Each structure stands twice: as C-alpha cells, then as structure tokens.
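A quick write-up on the structure given underneath.
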Amino acid sequence: MIKSVYHRDIYKFLRICFYIMQLLVLFSLQQVPDFLPEIYGGRPTLILPLLLTVSLQEGNYFALIWGLVCGLLMDMNPSRFVGIQIFVMGVGGYLLGRLKDRGYKVNLKTFLVLSVFIEPIMILMRFCLNYNLPKMHYIDAIVNRHIIPCILYTVLVSPFVYLFNRSVLFSMAQKGGDEN
Amino acid sequence: MRWISGILKNTTFRILLGFILISAGSALYVSVYHENLFSYVICKTVLPVQNFFSEIYRSANDIVPQIKTSQEMEKEISDLKSEVRSLREITADYYELKRKNIQYEKYLEFKKKRPEVSFIEASVIGRDPSELFYEFTINKGKEAGVCEGNSVITENGFVGCVYKVEMGVAKVRTILSPDIKLSASDISSGDTGIISGNIKLCDEGLTGLTMIPIQNSIKEGDMVTTTGLSGMYPKNLLVGRIKSVGYDDDNSSSCAVVEPFENIRKVRDILVVVGFEGKGEIAKSVIEKKTEDEVKS
Numbered sequence: 000m001i002k003s004v005y006h007r008d009i010y011k012f013l014r015i016c017f018y019i020m021q022l023l024v025l026f027s028l029q030q031v032p033d034f035l036p037e038i039y040g041g042r043p044t045l046i047l048p049l050l051l052t053v054s055l056q057e058g059n060y061f062a063l064i065w066g067l068v069c070g071l072l073m074d075m076n077p078s079r080f081v082g083i084q085i086f087v088m089g090v091g092g093y094l095l096g097r098l099k100d101r102g103y104k105v106n107l108k109t110f111l112v113l114s115v116f117i118e119p120i121m122i123l124m125r126f127c128l129n130y131n132l133p134k135m136h137y138i139d140a141i142v143n144r145h146i147i148p149c150i151l152y153t154v155l156v157s158p159f160v161y162l163f164n165r166s167v168l169f170s171m172a173q174k175g176g177d178e179n
Numbered sequence: 000m001r002w003i004s005g006i007l008k009n010t011t012f013r014i015l016l017g018f019i020l021i022s023a024g025s026a027l028y029v030s031v032y033h034e035n036l037f038s039y040v041i042c043k044t045v046l047p048v049q050n051f052f053s054e055i056y057r058s059a060n061d062i063v064p065q066i067k068t069s070q071e072m073e074k075e076i077s078d079l080k081s082e083v084r085s086l087r088e089i090t091a092d093y094y095e096l097k098r099k100n101i102q103y104e105k106y107l108e109f110k111k112k113r114p115e116v117s118f119i120e121a122s123v124i125g126r127d128p129s130e131l132f133y134e135f136t137i138n139k140g141k142e143a144g145v146c147e148g149n150s151v152i153t154e155n156g157f158v159g160c161v162y163k164v165e166m167g168v169a170k171v172r173t174i175l176s177p178d179i180k181l182s183a184s185d186i187s188s189g190d191t192g193i194i195s196g197n198i199k200l201c202d203e204g205l206t207g208l209t210m211i212p213i214q215n216s217i218k219e220g221d222m223v224t225t226t227g228l229s230g231m232y233p234k235n236l237l238v239g240r241i242k243s244v245g246y247d248d249d250n251s252s253s254c255a256v257v258e259p260f261e262n263i264r265k266v267r268d269i270l271v272v273v274g275f276e277g278k279g280e281i282a283k284s285v286i287e288k289k290t291e292d293e294v295k296s
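These protein sequences, in sequence, are chains A and B.
Oh and the first sequence: position 127 is 126 in numbering that gives the first Met the number 0, straight run, nothing missing.
Oh and the second sequence: position 238 is 237 in numbering that gives the first Met the number 0, straight run, nothing missing.
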C-alpha cells in the first residue's frame, strides 16, 4: 500500500516535471524567430494546446494553477498589459479542469472539438485585449491576415501536442503500473 | 450569510483570492520600486532555454542552404532585371549617390563615418506570434547598457527603437508599427515627415512617411533618413526608399509609402545605438520655432 502511494507520488512528480519542461520548450520554439514558418501571416501559439491537454488531464485545481503559469509566461513576452493572459488562461484552465472533474471523457475527437471552440476564443481575446482591436484601423486586415491564420495554425498543431502528451503519459503510467 | 461563508470556504475562491492579493502586492511593489519581480524571475528561467533554441536554429540555418521555390526565383529574377534596367538609366550623379548608399549600407563603413555613435551588438531571440507589427526581443538588456528609447539599426538602415528593457532582454518596436513616431526627411528634397506604420503597410513589410507638407518635391525612389531633431535618434540614419507618394485625408497633408532598406520581418542581427552626438538635446531650430509660436499666440 505504502509502496503504491510512493509510486503514485513519483509518477505525479514526473508528470509535473514533464509538463514544465514541455512548457519551456514549446514556449521557446514558439518564440524563436522563423523557426515555425508563417502561414498567411500567422504563427501558432503552442502553449494553448498544451494548456488544453494538461487541464483536461489533471483537473480543476491543477488546471487553474497551470493556466495561471501559462498566462504569466505569455504575458511576460508580448507585454502590453501584464495580467490579461494570466486572467484569460487561468479562467480557461479552470473551466477545462471542471470539465474533467465532471467526467468529460477526453479522446482525440473530443479534444479536437474543444480546441476548435476554445482556442479561437482565447486567441481572439488575446488580440482584442492586447491591441484594443475595436479601436484599431484596418480591423478586417488584422482579422484576415493575422487572427484567422493564427487560429487555424494553432488548431492544426493541437492534435500533435495532444497525441505526444497522451503517448508519453501512457508509457509513464504503464511503467508505474509495472513497478506496482 | 451562509452563501458568503460558503464562497469563503471554497478552495478555488481562496486560490483566486490569494493570487489576486499576490498580483496586487506585486503591482504595488512595481509602482513603488519600478522593478518587476515576476519579469525578472521569468527572464532568468526562460532566457537560457530561449537562447539555446535560438542558437540551435541559427546553426541549423547556417548549415542548411536556403531553398527557394521557382516562383520566388522568378520573382527575384524579375526584380533584379527591373533593378538593372533602372540602374542603366541613372545619371552620373545618381550613380555617385548609389555608391555612397552602398557604403552607408556596410556597417564598418558606417562605423568609420560615425565615430561619435556607439553601438552594442545584439541578436533577435524572440518574436511573439501575437505581435502584429513584428516587434521582437533581443538578447541584451539593462546589464549591457541598453535603455528605453535607444535606436536599433543594422548595416542596412534603421529598424526601430527599444521600448522596454529588462535584465538580459529588451523589446524593440519596429518602424512598421503605428506606435513609433520618427522624424525623417527626404535626402533629395529635404522635405520632412513622420515615420509611422499601419497594419496594411506592415503586412507588405512597408511603412509610411506622414505629415509631409502638401507642397513637396518628394518623388519615387528618393531615400529617407532620420533628422535627429528630437535628440532621441542619431541624424542621417538611412530608413528606406520612397515607394509612392499620396495624399492623407485624415491629416490634410501628403504622405508616402516607404520601403525600409532592412527586411524588418526577418532581421536577426542588430545594433543598439547607446550613444551619439546630440543625444537628449532638442535641436535649436525646434526650440526657436516653439518660441516663435509662443510669441505669436
């Protein structure tokens, strides 16, 4: 029994380490100039699919904290107003975590459905709050050439982030099970 | 009351409350001491990883040759042909100017000609996907002597200015952004205006020269340089070439589209101008003009 609890804690610790490493790597890749090629002027926000994946995997408290951490990291870089991303991603993470706690079954299909609905909202909010879009000139150009490509690109890479996490976590859990 | 005590006992509410208190505390700290602790901690954590990936990508990019599609090649050939055609048509004076322009474009030559200007070399390490105007992060910050308002240039021309400095990093606003207001003039005619971009021009890698007097002699192909009137930027830094001239209805003045000499969307290595002659001084002409205006009013 004690050994089982010990293994569970180790597994949880490793999982959190894996999430943090992944967050740093994805954030860095997302920021490296020209690493991810632009598609019609848009580049993906890799942290969003990670937020979705981890929140749906872990549940509300962890998801809330994870959302706040992701938001803090995002806020530090474009840095127009610190706090917007923390709020958006914190609330987003919490709501996603609630879904998991209420027994929402996550698989590739349901994840895709969620990413199609949630990622556009979060990206749109990010642009809106960062740039005060309603007051900007050429709003149609911003939407067509930046926001929509960014949304599509992010949704496009989301399944890869999800599947990568899924496979790594699955193998980690299996290893933990063997030891038990 | 039961409802309120229920909310107060809620763990999520407590976490949120705690976070709000921490945020408020940090905001208070920032406003009092002008130091962002979060920013410092994040920079210290993320910067090594970001530098690492930036270096890997840069090394890989140097090894793997740039692959161009046939369309890009065709476009490049047609551009070069038109360039050659225009070069054939130029006069001897223009040729002399072009030669000088090439000299200006080279960093070393520039440095020799501008010994009063001191630089810090830096590299672009981050471009956020949500930036509309290609703002970027460089790998030099407070500790290297970078300050807010410093000009950022390359051997080809003006790129932008630093708008935020932290330990180890600084953020640069480019001349494609509408938030930048840079006084610039046409070399040939001497007409002045304000460099400021908008999203439509930005998407094509162009910027605008606005607030030009209606009676001007600016023509396509003229070169634009900084005037240095504000004392914030060195004067005579190359900015770009006039692509077209038009009329600005909003300001009742002329405006022009400027093609920057540097490809700002792809720039990797830059120079931060940390010192130059006349830094912080407003040109006498501006003061005199202001005094005249005051007397008139």
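For each residue, glycine too, the CB sits at the ideal point set by N, CA and C.
None of these values were measured; they are calculated from a predicted model.
Identified DSSP bridge partners for residue i
i                      : result
residue 86 of chain A  : Its beta-bridge partners do not exist; DSSP assigns none.
residue 120 of chain B : B:270
residue 152 of chain B : B:157 and B:270
residue 165 of chain A : Per DSSP, none; premise fails for residue 165 of chain A.
residue 217 of chain B : Bridge partners of residue 217 of chain B: none, in fact.
residue 254 of chain B : B:245
residue 143 of chain B : Bridge partners of residue 143 of chain B: none, in fact.
residue 194 of chain B : B:181 and B:208
residue 237 of chain B : B:224
residue 119 of chain A : Residue 119 of chain A pairs with nothing; no bridge assigned.
residue 173 of chain B : B:159
Buried or exposed (CB count within 10 angstroms, at least 16 for buried), residue i
i                      : result
residue 121 of chain B : buried
residue 16 of chain B  : exposed
residue 197 of chain B : buried
residue 255 of chain B : buried
residue 170 of chain B : buried
residue 102 of chain A : exposed
residue 12 of chain A  : exposed
Whole-angstrom C-beta distance between residue j and residue i, which should lie under 8 angstroms
i                      : j                      : result
residue 168 of chain B : residue 27 of chain A  : Their Cβ separation, rounded to whole angstroms, is 13 angstroms, which puts residue 168 of chain B and residue 27 of chain A out of contact at 8 angstroms.
residue 144 of chain B : residue 166 of chain B : Not quite, the Cβ-Cβ distance comes to about 12 angstroms (not below 8 angstroms), so this is no contact.
residue 56 of chain B  : residue 264 of chain B : Not confirmed; about 16 angstroms, so no contact.
residue 236 of chain B : residue 156 of chain B : 7 angstroms
Proximity test, residue i beta-carbon vs the ligand COA heavy atom, cut-off 6 angstroms
i                     : result
residue 58 of chain A : Ligands displayed in this structure: none; no statement on the ligand COA is therefore possible.
7 angstroms Cβ cutoff, residue i in contact with chain A
i                      : result
residue 83 of chain B  : no
residue 199 of chain B : yes
residue 48 of chain B  : yes
residue 202 of chain B : yes
residue 129 of chain B : yes
residue 123 of chain B : yes
residue 41 of chain B  : yes
residue 87 of chain B  : no
residue 260 of chain B : no
residue 246 of chain B : no
Cutoff 7 angstroms: residue i Cβ touching any chain B Cβ
i                      : result
residue 167 of chain A : no
residue 109 of chain A : no
residue 34 of chain A  : yes
residue 124 of chain A : no
residue 42 of chain A  : yes
residue 62 of chain A  : no
residue 5 of chain A   : no
residue 21 of chain A  : no
residue 141 of chain A : yes
Proximal chain D residues relative to residue i, where beta-carbon distance stays under 7 angstroms
i                     : result
residue 80 of chain B : The structure shown contains no chain D; its protein chains are A and B.
Checklist entry - Is the number of C-beta pairs between the region 154-166 of chain A and the region 218-229 of chain B that are closer than 8 angstroms three or more? => result no
Checklist entry - Quick one: any contact between the region 194-208 of chain B and the region 248-264 of chain B, if contact means 3 or more CB pairs under 8 angstroms? => result yes
Checklist entry - Is the number of C-beta pairs between the region 131-148 of chain A and the region 189-203 of chain B that are closer than 8 angstroms three or more? => result yes
Next on the checklist: Measuring CB atoms only, is the region 81-88 of chain A touching the region 105-115 of chain A, in the sense that at least three cross pairs come out at less than 8 angstroms?
Outcome noted: no
Checklist entry - Would you call the region 124-134 of chain A and the region 48-67 of chain A in contact, with 3 or more CB pairs under 8 angstroms? => result no
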